[in-house]
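All residue numbers for the sequence shown refer to our numbering, where the first residue is 8 and numbers rise by one. See structure below.
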Amino acid sequence: MKNKLRRLRGPVACASVLALAHPLAAQTPKPPHRAAPTDTLHTDLNEVVVSASRVEESFLQSPVTVEKLNARAIRLSPAASFFDAIENLKGVQVITPSIGFKVINARGFTNTTNVRFAQLVDGVDNQAPHIGGPIGNVLGPSDLDINSVEIVPGTAAALYGLNAINGLANFTTKNPFTSEGLSVRQQTGVNHLKDPNVKTFGEGGSPLKSYSETNVRYAKVLVNDKLAFKVNGSYLRAFDWIANDQTDINPNGNATTGLFGADNPAQDQVSRYGNESSDRTTLTLGGKQYSVARTGYNERDLVDYSVRMLKADAAVHYRFRAGTELAYTYRVASFDNVYQRSNRFRLQDYLLQQHALTLTTPVVQARAYLTQENTGKSYNLRSMGENIDRSYKSDAQWNTDFTNAWNSATAGGQGVATALATARTAADAGRLQPGTDAFNQRLSNLQDINNWDQGAALRV
């Protein structure tokens with residue numbers, strides 16, 4: 008029996024291998040040959056050249072949308088400047104904290120600084136190092152020198168890094184080799200027509216303020232297709248909008264005592280500084296607790312709303328051969344305006360400078376740049392209001408004077424609200440009055456103290 012099984016083992020194993028091999032072979036059948044239809048046209052292609060794309064492949068693969076304003080669109084735009092025309096692009100918003108400080112926002116971020124939105128001029132970042140974001144277009148091109156604007160309203164971090172999470176704007180300027188000649192542009196207008204917030208002098212004085220901006224550009228090719236240069240200059244003078252919102256953002260500061268509106272001694276108006284939460288104290292008066300704030304100053308008493316901007320740039324371009332170009336650009340801007348983030352600031356005698364060296368070839372682009380900044384006599388408006396108040400009388404002394412005056416007023420028969428007003432008048436004795444020489448001198452002194460607990464300077 009065992010011999011019989013040994014004799015059958017070979018044929019059985021062979022049959023098993025054949026049985027397994029058959030379905031394996033059947034899984035990859037050879038496709039049958041099909042003859043081409045008789046009506047099929049055959050065309051032999053020569054070399055195929057794709058010339059539609061002139062950007063690197065990684066840009067095409069990146070999930071971004073690019074909105075563009077070319078020279079023609081800028082010229083036909085009804086906006087006052089190319090920077091204002093940007094707001095007409097899809098997904099872009101331009102907010103205006105100041106006439107001289109406009110901020111591009113995208114992706115729904117409505118921020119007055121927008122530090123995560125990169126703003127480039129010919130590929131060079133023009134943000135102010137201390138502020139951490141671009142100051143409007145003060146270091147950018149004028150309307151005479153702008154060639155095109157490209158906006159990435161979505162995140163541009165895939166191409167330009169984490170500094171462009173909120174988006175990116177790239178301003179391309181005109182090349183002196185292709186745009187020669189002298190150009191002059193003048194814009195004139197008025198604002199603050201019948202604005203009651205503008206201080207006027209004399210009976211019937213008009214609050215009308217003028218707006219003027221002058222741009223000049225000159226470009227020349229010195230050596231044909233080898234050496235060229237361009238210079239630009241801009242000067243702007245205007246009067247900014249006045250922040251005078253007297254809405255109380257602490258209306259319930261004394262709700263437990265039934266004091267609201269003008270009777271509330273802890274009022275915190277939007278456009279008034281020196282009466283914020285850090286300037287309030289809880290005083291026990293007549294057996295009750297009251298929240299009492301320092302008096303503070305209105306913003307319009309602390310700031311000069313005059314806007315001034317003087318900027319210029321010069322560039323020298325050298326072509327080694329077609330497509331290979333080296334350019335050096337120098338930009339400088341001096342300006343006065345108002346800047347806003349959590350607090351508002353007066354930027355005064357602010358100076359920005361930038362040196363940029365760019366090499367462009369058909370294969371690679373290389374850029375090196377240096378940005379320098381001097382904040383001048385800039386200052387924090389909130390700290391200025393607080394420390395002018397504290398410079399003539401400390402918080403502790405003011406609170407003592409307030410308490411004593413309130414006790415005297417109530418002892419004389421005055422009601423609570425009237426006594427609080429009387430106490431404030433007494434505690435404010437010696438307070439510096441806006442517009443006086445003493446007030447202006449104290450403001451100037453605090454501009455030089457770079458400590459917001461004692462002064463108001465914004466310094467780097």
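Idealized CB from N, CA, C, for every residue including glycine.
Status (buried if at least 16 other CB within 10 Å, exposed otherwise) for residue i
i    : result
D132 : buried
Q274 : buried
G281 : buried
T162 : buried
R79  : exposed
F327 : exposed
S213 : exposed
T291 : exposed
H29  : Summary for H29: the model assigns pLDDT 44, below 50, so the residue's position carries little reliability; its value from the coordinates is reported in the next sentence. Classification of H29: exposed, given that the 10 Å Cβ count is below 16.
K233 : exposed
G294 : exposed
L229 : exposed
T336 : buried
N239 : buried
T331 : exposed
L450 : buried
T254 : exposed
R389 : buried
I256 : exposed
S298 : buried
A87  : exposed
D247 : buried
P369 : exposed
N77  : exposed
Range of the contiguous beta strand (DSSP E) that encloses residue i
i    : result
N239 : 234-246
L189 : 188-198
N182 : Unbroken run through N182: none, as it is neither H nor E.
A322 : 313-328
D151 : The amino acid at residue 151 is misidentified as Asp; the sequence shows Leu. Element bounds for L151: n/a, residue is neither H nor E.
F108 : 108-113
I142 : From DSSP, I142 is part of no beta strand (DSSP E); its letter is neither H nor E.
A165 : It is not in any beta strand (DSSP E) - A165 instead sits in the alpha helix (DSSP H) that spans 164-167.
A92  : Element bounds for A92: not the beta strand (DSSP E) but the alpha helix (DSSP H), 89-92.
Alpha-carbon spacing of residue i relative to residue j, whole angstroms
i    : j    : result
E306 : S415 : 33 Å
F124 : L354 : 21 Å
Y386 : L453 : 8 Å
A113 : V99  : 5 Å
A363 : K400 : 50 Å
V477 : D320 : The requested residue 477 is not part of the displayed model; the chain covers only 8 to 467.
R374 : N350 : 35 Å
N406 : A426 : 14 Å
P441 : E283 : 19 Å
G188 : V323 : 15 Å
Q360 : A340 : 7 Å
T180 : K237 : 11 Å
T103 : G422 : 46 Å
I106 : L243 : 10 Å
T417 : A436 : 19 Å
A403 : A245 : 42 Å
Q194 : Y218 : 8 Å
K216 : V345 : 17 Å
Spatial neighbours of residue i in its chain, beta-carbon cut-off 6 Å, leaving aside the 5 residues before and after
i    : result
L151 : S190, R192, N222, R224
N381 : L358
A176 : I111, Q126, I158
D270 : A424
L377 : H362
S84  : A92
N204 : I249, N251
I456 : G462, A464
Limits of the unbroken alpha helix (DSSP H) element including residue i
i    : result
E306 : 306-309
A262 : No alpha helix (DSSP H) contains A262, which DSSP labels as neither H nor E.
A428 : 423-434
A445 : 444-453
L83  : 78-83
F116 : Run containing F116: none; DSSP gives neither H nor E here.
Cut-off 8 Å between Cβ atoms - residues of its own chain near residue i, not counting five sequence neighbours on either side
i    : result
V467 : P136, H137, E380, N381, T382
P160 : T72, E74, L96, K97, G98, V99, A113, R114, G174
S241 : S149, E220, T221, N222, V223, M316, L317, K318, A319
R438 : T302, D396, Y399, K400
N121 : V110, I111, N112, G140, N173
Beta-carbon proximity list for residue i, same chain, < 7 Å, skipping 5 on both sides
i    : result
G147 : V128, N133, F178
Q461 : N394
L465 : F352, T382, S385, Y386, N387
F468 : Missing from the structure shown is residue 468; the chain here goes from 8 to 467 and no further.
Y167 : A125, L175
Proximity test, residue i beta-carbon vs the ligand PLP heavy atom, cut-off 7 Å
i    : result
E157 : Of the ligands one can find in the structure shown there are none, so the ligand PLP has no counterpart to examine.
Ignoring anything shorter than 4 residues or poking outside the segment 332-401, list the alpha helix (DSSP H) runs there in chain order. 388-399
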